[in-house]
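Below is one structure, written out as structure tokens; the observations come after it.
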Amino acid sequence: CKSSPHSNQMTAGAKTIVSPFGVTGALPVSCLLNKLTIKIEHLKTSCHRTLFVGVRMPRQSHRHHKGHGSRHRKRDRRASSIVTSSSSLTSSDTPSQRVQFILGNEEDAEHVSHELFTELDEICVKDGKDAEWKETARWLKFEEDVEDGGERWSKPYVATLSLHSLFELRSCIINGSVLLDMRADCIEEIADMVLDHQEASNELDDSVRVRVREALLKRHHHQNEKKKNLIPIVRSITEGARKQSEPHLIGEFDGGCHTSMSYIKVEVMSCSQVDLSKVDLHFMKKIPEGAEASNVLVGELDFLERPIVAFVRLSPAVLLTGLTEVPIPTRFLFILLGPDGKAQQYHEIGRSMATIMTDEIFHDVAYKAKDRSDLLAGIDEFLDQVTVLPPGEWDPSIRIEPPKKVPSQEKRKMPGVPNGTVCQEEEELHAEHHGPELQRTGRLFGGLVLDIKRKAPFYWSDFKDGLSLQCVASFLFLYCACMSPVITFGGLLGEATEGRISAIESLFGASMTGVAYSLFAGQPLTILGSTGPVLVFEKILFKFCKDYDLSYLSLRTCIGLWTALLCLLLVATDASSLVCYITRFTEEAFAALICLIFIYEALEKLFHLGELYPYNAYSDLDKLTLAYCKCAEPDNPSNETLEIWNERNITASAVPWANLTVKECISLHGHFAGTACGHHGPYTPDVLFWSAILFFSTFFMSAFLKQFKTSRYFPTKVRSMISDFAVFLTIVFMVLIDFAIGVPSQKLKVPSKFQPTRDDRGWFINPIGRNPWWTALAASIPALLCTILIFMDQQITAVIINRKEHKLLKGCGYHLDLLMVGVMLAVCSIMGLPWFVAATVLSISHVNSLKLESESSAPGEQPRFLGIREQRLTGLVIFLLMGLSVFMTRVLKLIPMPVLYGVFLYMGASSLKGIQFFDRLKLFGMPAKHQPDFIYLRHVPLRKVHLFTVTQLTCLVLLWVIKTSPAAIVFPMMVLALVFIRKVLDLCFSKRELSYLDDLMPEWKKKNLDDASKKTEEVDTRPLTAKKARPHPLFFLTPTIWKHSCFILCSFVSLVF
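Numbering (the UniProt record's numbering), first residue to last: 1 to 1057.
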């Protein structure tokens, strides 16, 4: 890179992107500045034309001590007053290291950083005409400009700056007045102090001082003021100042202008009365609480011969009425007034100052700076981070849209990391993905006790945090979503068990289990529901009992009690700590499978409606008048039909079959005959197609309303409310449409009486009944398989809910969750109710409906995800209403089943978002230049990424085949097998690669070494064996032998199944 010795300035065509984003074809400024001598034409004098910025020096791993840093600051302060044409600002430290030292100093009460709102005002005084300051741009995070028409603000965008203007800004700081910690109460005092400093430096004549002061005190016109109102909306600052009755002390400032204050309270004087009726309240809501203002005042005055530059930091911040668009105290002022003819140049310098104040690092430096050299270090560090766009490859007039996610700037605050060490972010990336909740305690019920201690302090807040409108929307949506699968599961179970357990038992069991779980579980965000493997288990058990003439409900009760006992044993031995071996590989395969099954079953149920309500495609419209459907006597009546006829004393020959209605024909088991008859009765026109319309309309409308939060219509609160109530509003709208149209679509069927389905059973089941006594002992064998089924379904869902991406603050409780599931499983077994366990898709939907985002976000800034609203109230209300559904049948029977199927489709599709597996699946066939910038693509070869994805896809297909086959009862064992498949991947991938693609599996040796190091620190010089934890009675084997034994045993069991 070479530069002509005669060139004295950079072209203004080169643009810099202030945010440190990577841009194709862009060059880091530090690369240009390390080997170039840049000569700049500054504003005031011809001095200081040569600058060396960003000189690379050897990094140091330790921060300088305080005394050493203060010497450098004094030397820099002395050097800043000596300006020669060949001098340069050099230091033994790089700008980055100097900034890190500045930010590393202890904070005092005066220099605590606040969020900043920056406003750029410009003025132009020519030919003695009266003028006023006009707001031209503002920054809360991104730049907004007043459009040329002056009627509105532009869309927020990432500021692009002239590189030349940045160096001119640096020159302004070097040669202008820097007044730090100024004590002033109004704009008049500030103007007097700035002009006094200029006059003391022989930079300002007395004749010009009065006119400059008058220009500084002119009124400010803001964009939110109506142009048609010619009367000043805000009182003149000068007039306000004249009405002050108290004299104010004007402090003396030296070159560094450093004073100390004993308080930081913002004082609002009589000259700063706020007229709130003139404030833009809508924009005020976007400003964070406690924010302060930074005012940039630039302009051209025709009577000036040389520029006037000043950087002012007030201490404390002062509310200056009329100066800022919003009534917040002002902390910083940057003043640049120059001769006529350079308005655009002043404008660009002002934009550069305002933009650099929005930078997270320079913002902190500006608050903590002790003198001019600290500010220069902040500017140099900023220049080290910006990126240059060549003028021939980029159009500066194009406004860059704000990014959805801005990278963290914390690494700019940290000292340089020596070679061979790992930075904090990488340590977090490679760290284990589970917290202390899954650490084995070595004591009976040790994990359960810790869970209770962890959750007890938040118990009452779990109810108070649920008092939110968002929670109302959540339980209304999930109540409708949970009702249908529970009733459907009960109906299927009733068919499989000949009515011994049916819909009413399913509703009662779900309500009772859900209420207890919501009240006492460790993770109340989990929603309990029915699962496919449980249904398969019930079918197999019923067939076995029927074949061997055993009481199904009694044997089922024994199995349930054994299962509850085994779950209690798992809780006692901290077996839930084995969940730490369930990594993202297993989580995503399981979650993706459940989501796909939801989507598949929703579509399957829609197609199944074609059997109940077939469409009649007439091949010959001319014979349409001949179509008919009548009731007829069955040709070969079944035994059940004959029994019904005998009970009612009906003679088939005496029944007028042709004159019966549809309901009468069905009640007498008649037969429908005719060209207009379907499989289950007469053809009902339009039902199937109307059901399809309801199904897809529900799905698309739910998705549309859920995304309405990010649309451009309606105020923010309205959009947020519509998004929260998206699914519920969709269901209500579709029910009203269906009711208005009147097409007899299939409706939700809810039991109308609270009593057992069969009269020969009660609400409590005898565990022995008519079965032999030994069946109570033999029930322990199927209970073992049932325990594995319950454990895997429950804990994998809990792992998905407790992901660190959800930013849960109240902790989790795997042991407490499993205890509650086991206890309620025993209760349901005794009462002859279905078993319920964590439902993956319903739980994910519950979490997604309770996401919290930042309320006050800067214009153009995406709302930040804050976490999940952790509470117990939504689950409690959902299952309470489910139990009361028996008394709400008149309303619930109006809900069409296709609408609920559409909700299932939406839940399955929305739960797929955020699953990395599907992002990697899209990479197949995608050229490298079009691939998204995923973090794992930077560090893992693409072929390895594809190998990992193919392995996961193969496992997903195997799980799908088993889940949808008669062998679905072994599904939990196959999920367990995924853990061992993931262990085999350690042979094909390095740990670093797996840390990006998946989570690192825990290592016993690493844990033991870490525990040993902790013990060494605790007991100081005592031997490591001096204080040993009491060994667990069931874990007497060494960790290595225990690990390999478990691996061999589980592999053998998986192969057997």
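Where a beta carbon is used, it is the ideal one built from N, C-alpha and C, also for glycine.
- DSSP, read as helix, strand or coil, puts P485 in helix.
- A straight-line Cα-Cα distance of about 49 angstroms links Y906 and Y367.
- Inter-residue distance for R712 and Q862 is about 13 angstroms (C-alpha atoms, whole angstroms).
- Put simply, the backbone Cα of T710 is about 12 angstroms away from that of M721.
- Boundaries for F887: no beta strand (DSSP E) harbours it, and the DSSP string shows neither H nor E there.
- The shortest C-alpha to C-alpha distance from T651 to any of P637, T661, L959 and R943 is the one to P637.
- I379 and I356 have their alpha carbons spaced roughly 8 angstroms apart.
- Taking a contact to require three or more Cβ pairs closer than 8 angstroms, the region 766–784 and the region 477–489 do not qualify as touching.
- The Cβ atoms of Q871 and D451 do not sit closer than 8 angstroms to each other.
- Residue M820 holds the alpha-carbon nearest to the alpha-carbon of I527 among I644, M820, L565 and C786.
- Put simply, of F980, A726 and R890 the residue whose alpha carbon is nearest the alpha carbon of V903 is A726.
- Approximately 6 angstroms separates the beta-carbon atoms of L978 and C955; this is inside 8 angstroms, confirming the contact.
- Here T757 carries a coil assignment [DSSP, helix/strand/coil].
- Cβ contact annotation for T136 (same chain, cutoff 6 angstroms, sequence separation greater than five): L120, E122 and V146, in chain order.
- Taken through DSSP and simplified to helix, strand or coil, F311 comes out as strand.
- By the C-beta criterion, the region 724–743 is judged not to be in contact with the region 783–795, since fewer than 3 inter-stretch pairs fall below 8 angstroms.
- Here the alpha carbons of A740 and V687 stand approximately 14 angstroms from one another.
- Classified as exposed, E604 has fewer than 16 neighbouring CB atoms from the shown chains inside 10 Å of its CB.
- When C-alpha distances from I844 are compared across G529, D759, S576 and W133, the shortest belongs to G529.
- S177 counts as buried, since no fewer than 16 other beta carbons sit within 10 angstroms of its beta carbon.
- Taking every protein chain shown into account, the CB of L606 has 16 or more other CB atoms within 10 angstroms, so this residue is buried.
- With fewer than 16 other beta carbons inside 10 angstroms of its own, C988 counts as exposed.
- With respect to the 8 angstroms criterion, F542 and A496 are classified as neighbours on the basis of their beta carbons.
- When C-alpha distances from P390 are compared across G509, S162 and I693, the shortest belongs to S162.
- Rounded to whole angstroms, V472 and F585 show a C-alpha spacing of 34 angstroms.
- Shown here, R648 sits in coil according to DSSP, grouped into three states, outside any helix or strand.
- In the three-state DSSP reduction, N295 falls in the strand class (E or B).
- Taking the Cα positions, M824 is about 6 angstroms away from T513.
- Around F598, the same chain offers V841, F904, M907 and G908 as residues with beta carbons nearer than 7 angstroms, after the five sequence neighbours per side are excluded.
- The beta-bridge partner set that DSSP reports for P682 consists of C677.
- Per the coordinates, the alpha-carbon of A602 lies some 54 angstroms from the alpha-carbon of P327.
- Annotation for A928: no beta strand (DSSP E) segment contains it, and DSSP assigns it neither H nor E.
- The closest CA to that of L179, considering only I335, R211 and A131, is found on I335.
- In the DSSP annotation of this structure, the continuous segment of the alpha helix (DSSP H) that includes W690 starts and ends at V687 to K706.
- Bounds of the alpha helix (DSSP H) holding W460 are Y459 to K464.
- By the criterion of at least three beta-carbon pairs nearer than 8 angstroms, the region 437–444 is not in contact with the region 689–703.
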